[in-house]
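A short worksheet on the structure shown next.
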Amino acid sequence: MSQQLQHDVLVIGSGAAGLSLALNLPSHLRIAVLSKGDLANGSTFWAQGGVAAVLDDTDTVQSHVEDTLNAGGGLCHEDAVRFTVEHSREAIQWLIDQGVPFTRDEHASVDDGGFEFHLTREGGHSHRRIIHAADATGAAIFKTLLDQARQRPNIELLEQRVAVDLITERRLGLDGERCLGAYVLNRASGEVDTFGARFTVLATGGAAKVYLYTSNPDGACGDGIAMAWRAGCRVANLEFNQFHPTCLYHPQAKSFLITEALRGEGGLLRLPNGERFMERFDPRAELGPRDIVARAIDHEMKRLGVDCVYLDISHKPAEFVKSHFPTVYERCLTFGIDITRQPIPVVPAAHYTCGGVMIDQDGRTDVPGLYAIGETSFTGLHGANRMASNSLLECFVYGRSAAADIVAQLDQVEMPRALPCWDASQVTDSDEDVIIAHNWDELRRFMWDYVGIVRTSKRLQRAEHRVRLLLDEIDEFYSNYKVSRDLIELRNLAQVAELMIHSAMQRKESRGLHYTLDYPGMLPEALDTILQPPTFSD
Ligand SMILES: Cc1cc2nc3c(=O)[nH]c(=O)nc-3n(C[C@H](O)[C@H](O)[C@H](O)COP(=O)(O)OP(=O)(O)OC[C@H]3O[C@@H](n4cnc5c(N)ncnc54)[C@H](O)[C@@H]3O)c2cc1C
1 MSQQLQHDVL
11 VIGSGAAGLS
21 LALNLPSHLR
31 IAVLSKGDLA
41 NGSTFWAQGG
51 VAAVLDDTDT
61 VQSHVEDTLN
71 AGGGLCHEDA
81 VRFTVEHSRE
91 AIQWLIDQGV
101 PFTRDEHASV
111 DDGGFEFHLT
121 REGGHSHRRI
131 IHAADATGAA
141 IFKTLLDQAR
151 QRPNIELLEQ
161 RVAVDLITER
171 RLGLDGERCL
181 GAYVLNRASG
191 EVDTFGARFT
201 VLATGGAAKV
211 YLYTSNPDGA
221 CGDGIAMAWR
231 AGCRVANLEF
241 NQFHPTCLYH
251 PQAKSFLITE
261 ALRGEGGLLR
271 LPNGERFMER
281 FDPRAELGPR
291 DIVARAIDHE
301 MKRLGVDCVY
311 LDISHKPAEF
321 VKSHFPTVYE
331 RCLTFGIDIT
341 RQPIPVVPAA
351 HYTCGGVMID
361 QDGRTDVPGL
371 YAIGETSFTG
381 LHGANRMASN
391 SLLECFVYGR
401 SAAADIVAQL
411 DQVEMPRALP
421 CWDASQVTDS
431 DEDVIIAHNW
441 DELRRFMWDY
451 VGIVRTSKRL
461 QRAEHRVRLL
471 LDEIDEFYSN
481 YKVSRDLIEL
491 RNLAQVAELM
501 IHSAMQRKES
511 RGLHYTLDYP
521 GMLPEALDTI
531 LQPPTFSD
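Heads up, the sequence shown is in UniProt numbering, so the first residue is 1 and it goes up one at a time.
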């Protein structure tokens, strides 16, 4: 039997964004936080580097703002950048107050007013401003926030619950546009439950799984973007997908990044025949910026029709390699690759979705009662290229501002009345799951080949044609068979893929992470790509 549940706030997603929003709400509210797998299954757990913030007295808001604007290829919204950076210190203080064990600075003279935590520097930042917990910052933040949430009796943490679609007044044929909750598949019971809520928050993470190779965990399927789009929200700048240049290429190795520090310490990129190639693309060779190195690797792989290139540090003394890169050394060894003697097979991998559901500074989407925060949202902070460690910061700043906005509206919003149950009367169990698996593979491969690091108008047209066929097939499947996590994710991925393709087709220039051979130059005016969902009468 499916269930009818009611909460003041329904938070879909248990990563940095969802947990920080839930913890910033007052304890008299009934809150549900959902995760479609176990609670740790988002990207937050895997974040390594840290969180960017203005924390040191020698650093300034202006400097962090300027660095972010420079990285963003002219497309950042300066008000969003300023808002995020101005709230960075208090967001970090809140994390410290929650108990996040950030790495301390052994040399700080706290008595003289020095900052007690260690700050590191990353690409694009002109100051040391990345606060971190060794090289596993995301895990430290996640565990601390989860512990805090577990101590709050008003927060229900629900695992293995996959939101299928949002419930809106429009969907129910009522007057008004408000979001009233969501239909959610309970993977244990196999039933789709009805969650009614005064406020609903999408904190569902990014969509990097749309590509064949990704650094993201399995759930990064753009569910929130697709659900918001179907509910009537605008989305923006979905053509900007950030690729990390070097992800381990091995059939059994899922999503393992080879740190950029390996190139920093002398690692060389080579073709399968051993030849170096980076000097042909940038005078800084292997030390060029992320997007240039990723583009060069992609170019060589396509030119030669090879599956990967190689990152070689075997010319350095074995002890040096082992002591500087213990995690990479151990991990590669488990796949039979001894990096002190052999080059590492690598491919670029989709890493971060810069675009998403359009929101204002309070996390509000176009649909009343619906918020979007974290990687699923588009705030204008990242522009055409995200600067390292700004993304976790965005989760905390907007998690807090959205919570404050919900609190400000509590008196005006009532609990929705009983909502109709999910109708599963017309569907049967699928005996053709092979179709889902096949479509998943096809989608991720053509997105990689045609809508990847280097694009052309022709490739985008091919991708558009194929995604349309897939969407028709998926719609038919969706209408006839019971929903499963795989089917829900495939449907959402295909929807987001189409939005990415349309966004890329609209941009007749190369800017930031969007690079097309047909329009290699940058237009004088920087404009967002905003897609408007069709209304039901269209
Ligand atoms: C390997 C790696 C390293 C990174 N390093 C850094 C770094 O150092 N600094 C930095 O700032 N950023 C970093 N990032 C990016 C950053 O980690 C993410 O942008 C951020 O964690 C996103 O947080 P989130 O809360 O928006 O989503 P996530 O943490 O991805 O959480 C998404 C949540 O939504 C749930 N969900 C999704 N769909 C549904 C659905 N349909 N129903 C129910 N639940 C659903 C998931 O189960 C999950 O709980 C890194 C990313 C990766 C992959």
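Positions of the beta carbon are idealized from the N, C-alpha and C atoms, including for glycine.
Scanning Y481, M447 and C354 for the CA closest to the CA of R466 turns up M447. Checking the 8 Å criterion, the Cβ of I373 is within range of a heavy atom belonging to ligand 1. With contacts defined by Cβ atoms closer than 9 Å, H351 and N216 form a contacting pair. Of the candidates A285, G196, R161 and D223, the residue whose Cα lies closest to the Cα of G206 is D223. In this structure, ligand 1 has a non-hydrogen atom nearer than 8 Å to the beta-carbon of L34. Sequence-distant partners of M505 (beyond 5 residues in either direction) whose C-beta falls short of 6 Å from its own C-beta, in its chain, are L460.
D8 sits buried, since 16 or more C-beta atoms from the chains shown fall within 10 Å of its C-beta. Restricting attention to A236, H107, A91 and G232, the CA atom closest to the CA of G380 is found in A236. Three or more beta-carbon pairs drawn from the segment 157 to 172 and the segment 21 to 41 are found closer than 8 Å, and the two stretches are therefore classed as touching.
When DSSP states are grouped into helix, strand and coil, R161 belongs to the strand group. Remark: the shortest separation between the CB of L490 and any heavy atom of ligand 1 does not fall under 8 Å. Checking the DSSP bridge columns, you'll see L311 partnered with L269 and I344. For A350, DSSP records a beta bridge to T214 and F243.
Rounded to whole angstroms, the separation of the alpha carbons of H64 and A52 is 9 Å. Excluding the 5 residues flanking it on each side, L271 has same chain C-beta neighbours closer than 8 Å at F277, E300, L304, V306, V309 and Y310, in chain order. DSSP places Y249 outside any beta strand (DSSP E), giving it a letter other than H or E. According to DSSP, residue pairing for E156 in a beta bridge involves A32. Using a 10 angstroms sphere on the CB of E260, the tally of other CB atoms reaches 16 or more, which defines it as buried.
Within the segment 3 to 84, the complete beta strand (DSSP E) segments of 3 residues or longer fall at 4 to 12 and 31 to 34, listed in chain order.
Our two residues, G176 and C233, have alpha carbons roughly 14 Å apart in a direct line. Inter-residue distance for H28 and G99 is about 23 Å (C-alpha atoms, whole angstroms). Judged by DSSP secondary structure, Y450 falls outside any beta strand (DSSP E) and instead within the alpha helix (DSSP H) spanning D433 to Y450. Annotation for I373: A17, L21, V201, A203, G363, C395, Y398, G399 and A402 place their beta carbon closer than 7 Å to its own, counting only its chain and skipping 5 residues before and after.
The continuous alpha helix (DSSP H) containing D97 extends over residues S88 to Q98. The alpha carbon of G123 has as its nearest neighbour, out of Y515, T535, G288 and D429, the alpha carbon of G288. Distances from the CA of N24 to each of W94, W46, D105 and T60 were compared; the closest alpha carbon is that of W94.
For G399, the uninterrupted alpha helix (DSSP H) segment begins and ends at N390 to Q409.
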